[in-house]
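If you use numbering that gives the first Met the number 0, the sequence shown corresponds to residues 0 to 813, in order.
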Amino acid sequence: MLGVLEDLRYGLRALVKHPGFAVVAIFSLALGIGANTTIFSLVHAILLRPLPVADPASLLAVNTVDAHNPGYLLVSYPNYKDFRDRNQVFSSLLLYSNVPVNLTGLGEPRPVIAQLVTANYFRALGVNPVVGRAFLPEEDQSPGAAPVAVVSYNFWQRQLAADSQVLSRTLEINRHRFRIVGVAPRGFEGLDEMALPELWVPSMMYEAVYPYVSLVNQRRALLFAVAGRLKPGVTAPQAEAEMQSLAAELDRQYPQDNDGRRIQLMPVLDVAINPRNRPAMEQAGLVLLIISSLVLLIACANVANLLLARAAGRRKEITVRLALGASRWRLVRQLLTESVALSLIGGAAGLLLARWSGDLLWSMRPPMFKRAAIHVDLDQGVLIYTAALSLLTGILFSLVPALRATRSDLATDLKERTGQSPARPGGRWHPRSILVMAQVALSVVALVGAGLFVRSLRNAARFDPGFDAAHLGIVVFNLADQAYTEARGREYQRRAIELALATPGVAAAAISKDVPFRVSLARTILREGVDAPGTKGRFTLTGIVTPAYLPAVGIPILRGRDFSPQDRSTSPRVVIVNEVAAAAYWPGEDPIGKRIQFYGENVPVEVIGVARTANYRAIGEKPDALIYISMEQYYFPMGVLYLRTAGDPEAVAVQVRRAMQTLDPNLYLQSEALEQTTYENLWAQRLSAALLAVFGLLALLLSTIGIYGVISYLVHQRAREIGVRMALGATSGEVQRMILVEGVRMVAVGVVAGTAVALAAARSVKSMLFVISPRDAATFVLVPSILALVAVIACWVPALRATRVDPAVALRDE
Numbered sequence: 000m001l002g003v004l005e006d007l008r009y010g011l012r013a014l015v016k017h018p019g020f021a022v023v024a025i026f027s028l029a030l031g032i033g034a035n036t037t038i039f040s041l042v043h044a045i046l047l048r049p050l051p052v053a054d055p056a057s058l059l060a061v062n063t064v065d066a067h068n069p070g071y072l073l074v075s076y077p078n079y080k081d082f083r084d085r086n087q088v089f090s091s092l093l094l095y096s097n098v099p100v101n102l103t104g105l106g107e108p109r110p111v112i113a114q115l116v117t118a119n120y121f122r123a124l125g126v127n128p129v130v131g132r133a134f135l136p137e138e139d140q141s142p143g144a145a146p147v148a149v150v151s152y153n154f155w156q157r158q159l160a161a162d163s164q165v166l167s168r169t170l171e172i173n174r175h176r177f178r179i180v181g182v183a184p185r186g187f188e189g190l191d192e193m194a195l196p197e198l199w200v201p202s203m204m205y206e207a208v209y210p211y212v213s214l215v216n217q218r219r220a221l222l223f224a225v226a227g228r229l230k231p232g233v234t235a236p237q238a239e240a241e242m243q244s245l246a247a248e249l250d251r252q253y254p255q256d257n258d259g260r261r262i263q264l265m266p267v268l269d270v271a272i273n274p275r276n277r278p279a280m281e282q283a284g285l286v287l288l289i290i291s292s293l294v295l296l297i298a299c300a301n302v303a304n305l306l307l308a309r310a311a312g313r314r315k316e317i318t319v320r321l322a323l324g325a326s327r328w329r330l331v332r333q334l335l336t337e338s339v340a341l342s343l344i345g346g347a348a349g350l351l352l353a354r355w356s357g358d359l360l361w362s363m364r365p366p367m368f369k370r371a372a373i374h375v376d377l378d379q380g381v382l383i384y385t386a387a388l389s390l391l392t393g394i395l396f397s398l399v400p401a402l403r404a405t406r407s408d409l410a411t412d413l414k415e416r417t418g419q420s421p422a423r424p425g426g427r428w429h430p431r432s433i434l435v436m437a438q439v440a441l442s443v444v445a446l447v448g449a450g451l452f453v454r455s456l457r458n459a460a461r462f463d464p465g466f467d468a469a470h471l472g473i474v475v476f477n478l479a480d481q482a483y484t485e486a487r488g489r490e491y492q493r494r495a496i497e498l499a500l501a502t503p504g505v506a507a508a509a510i511s512k513d514v515p516f517r518v519s520l521a522r523t524i525l526r527e528g529v530d531a532p533g534t535k536g537r538f539t540l541t542g543i544v545t546p547a548y549l550p551a552v553g554i555p556i557l558r559g560r561d562f563s564p565q566d567r568s569t570s571p572r573v574v575i576v577n578e579v580a581a582a583a584y585w586p587g588e589d590p591i592g593k594r595i596q597f598y599g600e601n602v603p604v605e606v607i608g609v610a611r612t613a614n615y616r617a618i619g620e621k622p623d624a625l626i627y628i629s630m631e632q633y634y635f636p637m638g639v640l641y642l643r644t645a646g647d648p649e650a651v652a653v654q655v656r657r658a659m660q661t662l663d664p665n666l667y668l669q670s671e672a673l674e675q676t677t678y679e680n681l682w683a684q685r686l687s688a689a690l691l692a693v694f695g696l697l698a699l700l701l702s703t704i705g706i707y708g709v710i711s712y713l714v715h716q717r718a719r720e721i722g723v724r725m726a727l728g729a730t731s732g733e734v735q736r737m738i739l740v741e742g743v744r745m746v747a748v749g750v751v752a753g754t755a756v757a758l759a760a761a762r763s764v765k766s767m768l769f770v771i772s773p774r775d776a777a778t779f780v781l782v783p784s785i786l787a788l789v790a791v792i793a794c795w796v797p798a799l800r801a802t803r804v805d806p807a808v809a810l811r812d813e
């Protein structure tokens with residue numbers, strides 16, 4: 000131990016004596032380790048952080064798997080009750096669902112996220128309120144019987160000023176009074192990390208807060224998330240086998256509702272983020288980790304080159320120590336200790352950089368994450384990762400230089416001039432040359448990745464989503480928040496459209512159930528004359544809109560007609576289908592006049608028009624089938640007022656929102672320009688492109704430093720040779736060309752190798768790119784060309800300095 004401390008003190012003194020070497024090495028390591036730590040902290044916060052519940056390993060999410068619809072689905076309330084009462088593997092089976100509600104009585108009306116939960120929710124999770132209590136079993140037995148609530152710790156602190164008498168207070172939620180019975184502990188924000196609920200209410204209060212009241216008790220409606228805690232001694236495979244058996248029983252018992260449906264269990268952490276979104280996030284995180292690792296490898300190559308150069312300068316010292324009896328292992332330990340100290344200092348600097356860059360990165364998160372229960376902190380896991388990464392880096396980048404420096408021929412090396420290496424450092428396969436080639440190759444891979452994502456983002460920004468986003472503003476409202484009846488709700492919608500059309504700058508106005516890129520309702524349809532009654536039918540996206548919606552948002556009707564005010568609830572039901580639905584459901588036929596039937600309804604519906612296909616859930620998505628339903632025939636309380644404007648959409652939307660506020664001051668309204676929503680919808684592409692561009696530039700910077708350092712060292716080592724050549728008549732141009740050839744040869748090998756690797760790896764990110772080939776020719780030509788140009792400049796500067804060698808001085812040294 001004392002020997003290691005002595006090595007450490009010696010190494011630190013050596014770094015102080017050579018500040019230039021220390022600064023460049025620490026700077027390189029800080030960039031590499033800082034980039035890795037930043038990305039790891041982000042991935043850790045979103046995908047790896049454990050949930051704040053007791054024994055999360057014994058908690059499993061219960062998902063529905065439908066043979067006719069891909070992905071993991073929720074569970075219906077009737078099925079949940081059967082699973083809860085019949086299973087023998089879970090000690091508790093809980094249910095929850097996120098619900099947007101309107102909170103009044105605490106200043107301005109504002110929307111909050113509430114969670115409908117079963118009474119056993121907190122007990123099953125092992126979460127004990129810090130004030131008051133959790134729900135009682137009797138508070139979740141009869142619909143509407145117990146208007147009570149548990150509030151989050153943050154809500155108690157911020158909205159209720161940490162009132163010690165909080166248990167005597169009530170909250171007005173959707174015009175219903177709820178008595179506060181408890182405060183959740185600090186840090187607990189539910190099982191859904193994207194929702195950040197501020198309060199919880201018993202599931203039997205669904206009539207007061209849930210927007211789909213009529214669907215709650217329908218066995219086919221998959222509305223609720225379910226999780227269970229395993230009994231002691233029960234394994235996950237055993238639990239899944241029993242739940243599959245129960246699902247098969249329900250299939251036989253209720254074939255019309257549960258046909259083809261089974262159960263899939265998974266850890267609750269895997270559903271803390273929607274399982275449909277999680278794979279894309281994991282893939283994006285993996286790509287960012289890989290690119291940031293490339294930056295670290297380039298930084299390590301830089302430092303390894305510096306250490307090789309420093310070891311060559313210390314050859315005489317090392318040779319003398321070996322001659323005096325020092326063992327090779329003793330000297331290797333000394334050099335490794337110095338390098339580890341260097342890497343730990345670089346790791347500390349990288350940690351500071353990660354703290355700053357992480358805060359900057361998280362400040363750019365989209366609105367969907369601003370409410371999320373996710374915090375990018377440098378917690379214990381991140382600190383352990385950074386320390387381990389620093390130690391591993393220090394050992395790996397210094398091992399080869401240390402071994403090479405201590406491989407000495409005493410008889411020969413003692414005769415060499417101090418600080419000179421007998422080997423020619425510029426040899427094609429010299430370790431320093433190999434490191435430069437590796438740096439260039441890794442830089443090509445990083446820059447190609449950045450180029451693909453930047454070009455992909457540019458394409459996304461220019462992509463036509465299928466409607467006129469540039470001239471649209473929106474005002475979002477939810478009439479269910481204020482318990483509107485259907486008659487009162489229809490009157491509000493009619494008056495809102497009238498006020499909008501009377502506002503200067505509004506050219507057209509209409510209402511849809513969905514906000515842009517958030518079409519969520521899907522219904523099963525049966526085609527008359529094609530699908531026999533009782534068969535499965537087709538699961539199809541469904542939009543509910545008022546007449547004139549399609550022309551208002553700029554979606555043309557290609558055939559047939561639009562909805563009219565005469566298409567009311569008392570008249571024959573009608574729908575409009577998009578191009579994909581028309582081609583998929585009636586291939587080669589005219590869909591106008593065809594009739595369909597929605598599952599669970601016996602009323603036939605006629606197709607009256609075909610609209611152009613648009614993007615409904617994401618920009619650039621795979622074209623999907625959608626059916627438009629008239630809101631005149633299917634009332635829906637949640638709505639988005641779309642405004643086609645002649646001026647600034649955001650300003651006009653604000654004016655309309657103010658006018659609508661006079662209709663009901665207690666109703667929360669939100670307005671914005673649709674371009675802002677479109678911009679936010681591209682947050683993943685923007686974040687990936689920005690990070691990859693930064694990492695690509697870091698890779699380019701580090702590679703340039705590495706190339707410059709190697710060629711400068713080459714010039715220094717060959718100073719006498721260059722002087723002799725010039726004394727014998729070599730021109731400056733010939734000397735420059737000689738040095739450039741050495742550098743360009745290394746760069747060329749690195750560019751070719753990097754391009755080959757990038758071509759091979761490009762297909763793995765195909766699904767993340769937007770309207771661009773993963774082997775985009777422009778990117779694969781431009782990136783290597785730019786890198787080669789920068790590398791040649793980095794070689795040319797030392798080559799130019801080589802021509803300034805004084806032949807007289809060189810010959811005198813010789």
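We treat Cβ as the ideally placed atom computed from N, Cα and C, and that holds for glycine.
### Query
Over what stretch of residues does the alpha helix (DSSP H) that includes T754 continue unbroken?
731-760
### Query
A145 and P196 look like a contact to me (Cβ under 8 Å); what is the Cβ gap, rounded to whole Å?
Not quite, the Cβ-Cβ distance comes to about 18 Å (not below 8 Å), so this is no contact.
### Query
Going by the CB atoms, is the gap between P636 and L814 shorter than 8 Å?
Any question about residue 814 goes unanswered here, given that the chain covers just 0 to 813.
### Task
May I ask you to report which of helix, strand or coil DSSP gives G815?
Past the edges of the chain, shown from 0 to 813, lies residue 815, and the structure says nothing about it.
### Residue nearest to S141 in terms of C-alpha spacing, selected from R719, A183, E206, Y95
Taking the Cα of S141 as reference, the smallest distance to any Cα among R719, A183, E206, Y95 is reached at E206.
### Message
As an exercise, report each continuous beta strand (DSSP E) stretch of at least 3 residues that is fully enclosed by the segment 119-189, in chain order.
### Response
If we require 3 residues or more, the beta strand (DSSP E) runs fully inside the segment 119-189 come out as 147-150, 169-172, 175-182.
### Residues of its chain near M242, where Cβ-Cβ distance is below 6 Å and the 5 sequence neighbours each way are ignored
I262
### Message
I'd like to confirm the pairing. Which residues does DSSP put opposite T644 in its beta bridges?
### Response
V505
#### Entry: Buried or exposed (CB count within 10 angstroms, at least 16 for buried), D191
Buried: at least 16 other Cβ atoms inside 10 Å.
### Query
If we count the other Cβ atoms within 10 Å of its Cβ and call it buried at 16 or more, is G346 buried or exposed?
G346 comes out buried.
### Query
Taking the alpha-carbon positions, what's the G418 to L307 distance?
Residue placement at G418 is flagged as unreliable, the pLDDT there being 43, under the threshold of 50; a coordinate-derived value is accordingly withheld.
#### Entry: CB contact flag (R454, D775, <8 Å)
yes
### Query
Which residue spans inside the segment 25-87 form an unbroken alpha helix (DSSP H) run of at least 4?
76-85
### Query
DSSP beta-bridge partners for F452?
Beta-bridge pairing links F452 to no other residue.
### Task
Let me know if Q87 comes out buried or exposed under the rule of 16 or more other beta-carbons within 10 Å of its beta-carbon.
exposed
### Task
Would you kindly work out how many angstroms separate the C-alpha atoms of V740 and L341, rounded to a whole number?
Put simply, the backbone Cα of V740 is about 33 Å away from that of L341.
### Residue of K80, E485, T644, L727 minimising C-alpha distance to L245
Answer by Cα proximity: K80.
#### Entry: Three CB pairs or more closer than 8 Å across the segment 601-616 and the segment 567-576
Verdict: yes, contact present.
### Query
Since I626 is in the beta strand (DSSP E), which residue starts that stretch and which ends it?
625-629
### Message
Considering only the alpha carbon of each residue, which of Y76, R157, G106, L691 lies closest to L451?
### Response
L691
### Task
Tell me whether R260 is buried or exposed, calling it buried when 16 or more other Cβ atoms sit within 10 Å of its Cβ.
buried
### Task
Determine the closest residue to L817 out of W585, A509, S519, F121, with distance taken between C-alpha atoms.
What is shown of the chain runs 0 to 813, which leaves residue 817 out entirely.
### Query
Does the separation of the CB atoms of A353 and T754 fall below 8 Å?
Not in contact: A353 and T754 (Cβ atoms no closer than 8 Å).
### Query
Contact between the segment 160-178 and the segment 102-115: three or more CB pairs below 8 Å?
yes
### Message
Quick check: is the beta carbon of L395 nearer than 8 Å to any beta carbon in chain D?
### Response
Included in the structure is just one protein chain, with no chain D present.
### Task
Quick one: using the 10 Å Cβ neighbour count with 16 as the cut-off for buried, is G599 buried or exposed?
Using a 10 angstroms sphere on the CB of G599, the tally of other CB atoms stays under 16, which defines it as exposed.
### Query
By Cβ distance, which residues of its chain are closer than 7 Å to Q660, with the 5 residues on each side in sequence left out?
L668
### Task
Kindly indicate the opening and closing residues of the beta strand (DSSP E) around V544.
Run containing V544: 537-544, per the beta strand (DSSP E) assignment.
### Query
Roughly how far, in whole angstroms, is the beta-carbon of V714 from the beta-carbon of P797, given that I think they are within contact range, below 8 Å?
5 Å
#### Entry: Proximity winner among I289, V748, L388, relative to G695 (alpha-carbon distances)
I289
### Task
Assign W355 to one of two classes, buried (16 or more other C-beta atoms within 10 Å of its C-beta) or exposed (fewer than that).
By the 10 Å Cβ count, W355 comes out exposed.
### Query
Taking the C-alpha atoms as reference points, what is the distance between A113 and F121?
15 Å
### Query
Excluding five sequence neighbours on each side, which residues of the same chain lie with their C-beta closer than 7 Å to the C-beta of A133?
F121, R122, V149, G181
### Query
What's the gap between the Cα of I179 and the Cα of V147?
6 Å
### Message
Quick check on R8: buried or exposed, where buried means 16 or more other Cβ atoms within 10 Å of its Cβ?
### Response
exposed
### Query
Among all the DSSP beta bridges, which residues are the ones paired with E337?
Answer is none; E337 lacks a bridge partner.
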